[in-house]
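Here the numbering used here runs 654 ahead of the position in the sequence shown, where the first position is 1. Backbone N, C-alpha and C fix where the C-beta goes; we use that ideal spot for every residue, glycine too.
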Amino acid sequence: MVVIQATWFKDWLRYSYALHTFWNKTLGEVKILYSDVNGFVLFAEWPRGRRSRGGLFIFYENNIRKFIGKWLDYAAELGFDLILITKEEVYFPSDAQSIFFIWRLEEASFLEPSQDVEVRVLDYGEAVDIVRRVTKESWGFSISPRRELHLVVSAWLGEKPVGVAMLNKYNFNIDFGVHVVRGYWRRRIGTRLLSEAAALAESLGAEYLTVVRVLRRSSADKKALSFYKANKPSLVLRVQRLARHSYGI
655 MVVIQATWFK DWLRYSYALH TFWNKTLGEV KILYSDVNGF VLFAEWPRGR RSRGGLFIFY
715 ENNIRKFIGK WLDYAAELGF DLILITKEEV YFPSDAQSIF FIWRLEEASF LEPSQDVEVR
775 VLDYGEAVDI VRRVTKESWG FSISPRRELH LVVSAWLGEK PVGVAMLNKY NFNIDFGVHV
835 VRGYWRRRIG TRLLSEAAAL AESLGAEYLT VVRVLRRSSA DKKALSFYKA NKPSLVLRVQ
895 RLARHSYGI
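This is the structure in structure tokens:
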């Protein structure tokens, strides 16, 4: 059983800023306030935060509802959001949610990947245009890699790029997930990219590979969650921003 550790999560969170989600932001001070065998509490300051000054992250395996009661007033006093990291099946009154997939690389067991594509790790100059093109045809809008963060794994059919995965070389998250051009879905190209990103991460000394999926209640969510779950993550967590009217629970 994979259990996330406070020190690992602290380091992971520091380099997740490119995602710009409700819990992945540019950080100021970060410190572990509490840690035991069941979980941890992490203080993370957001210098550029608009809604709040930071996040108080709580991961606790046993009786989390009772445990968070000790921290509600402190989060409110700080002007911080309370971010709960729970098992996937645990729900709280929240105003934002995401799913956090974690693969322990030494035991990862992905689906059979496509062997029809050629896989290349791109240099930054080539990667910018290709990532923009593929994400536009996959997602409907474009994103760009960051020179200081990303190693871009790409899938090709002949001279056509049909998929990309941007591996964060510091925390080994696939930032923004795996993308495949729509006309090439259901051909295990995404699985090939996932497995190649995992191999690259492991060659760089990673213990885990991760993906964050923010839930927007769209049909795309269902497809993405199905894809990642089919590839057998070691741990699936729900990350929830507790709604402020619920701070009295």
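Using three-state DSSP, classify residue i as helix, strand or coil.
i    : result
I843 : helix
A762 : coil
D665 : helix
F881 : helix
A730 : helix
G723 : coil
L869 : coil
A698 : strand
K876 : helix
S689 : strand
I712 : strand
R892 : strand
Y944 : As displayed, the chain neither begins before 655 nor continues past 903, which places residue 944 out of reach and without an answer.
I658 : coil
G831 : strand
L736 : strand
For residue i and residue j, which I take to be in contact (beta-carbon distance under 8 Å), what is that distance rounded to the nearest angstrom?
i    : j    : result
K886 : S763 : 5 Å
Y669 : N822 : 6 Å
W810 : R774 : 6 Å
V695 : L667 : In fact, because the Cβ distance is near 13 Å, the residues do not count as touching under 8 Å.
V893 : W662 : That belief does not hold up - the Cβ atoms of V893 and W662 are roughly 15 Å apart, past 8 Å.
V868 : T675 : 5 Å
F734 : G693 : Incorrect: roughly 18 Å between the Cβ atoms, too far for contact.
I843 : G812 : Not quite, the Cβ-Cβ distance comes to about 14 Å (not below 8 Å), so this is no contact.
Count the other C-beta atoms from every protein chain shown that fall within 10 angstroms of the C-beta of residue i, then say buried if there are 16 or more, exposed otherwise.
i    : result
S792 : buried
N827 : buried
V744 : exposed
V807 : buried
G831 : buried
P815 : buried
N717 : exposed
D829 : buried
I903 : Low per-residue confidence applies at I903: pLDDT is 48, beneath 50, and the placement is therefore not dependable enough to give any value.
Assess contact between the region 767–775 and the region 843–850, defined as three or more Cβ pairs (one per stretch) separated by less than 8 Å. Is contact present? yes
Scan the region 747–829 and note each continuous beta strand (DSSP E) run of 3 residues or more that stays entirely inside, going in chain order. 748–758, 772–776, 804–811 and 814–822
How about the region 792–811 and the region 739–754: do they share at least three Cβ pairs that are nearer than 8 Å? no
Can you find at least 3 beta carbon pairs, one from the region 725–741 and one from the region 867–883, that sit closer than 8 Å? no
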